[in-house]
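These notes are about the structure you will find just below.
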Amino acid sequence: MAAYTEALEAVLMMLRLALFGLALGLTIISFQAYRENGGKRLESAFIGFAFISMGVAMTSMGDQVESLELFFSIAETVPFIIGFGMLWISLYR
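Here the sequence shown is numbered in this note's numbering, starting from 36 and rising by one per residue.
Here it is, written out as structure tokens:
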């Protein structure tokens with residue numbers, strides 16, 4: 036059973052790494068679009084993706100620190116709220 040659990044934890048780690056890579060890729064692409072074209076919409080989208088990437092990173096870190104699990108659960112939600120809020124703003128500008 037321990038080998039099964041370790042294998043699943045390795046798969047979960049790889050999935051989280053892929054998720055972070057995708058989020059970071061979106062952040063980089065949105066920054067390049069903002070830098071080339073400017074504009075408030077692209078700026079808001081870039082900021083939104085940056086905060087979402089930060090939330091993904093904090094989610095991965097939160098599982099590593101068990102003693103502060105509740106604190107990280109609360110703290111990792113804030114970047115997601117800001118990020119999705121900024122994306123919402125970028126769509127309605």
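C-beta atoms are modelled at their ideal positions from N, C-alpha and C, and glycine is treated no differently.
Between ALA80 and LEU122, the C-beta gap is smaller than 8 Å, which places the two residues in contact. Contact between the segment 50 to 70 and the segment 105 to 112 is not established, with fewer than three Cβ pairs separated by less than 8 Å. For ARG128, there is no enclosing alpha helix (DSSP H), as DSSP marks it with neither H nor E. The Cβ atoms of ILE87 and GLY56 do not sit closer than 8 Å to each other. Here GLY56 carries a helix assignment [DSSP, helix/strand/coil].
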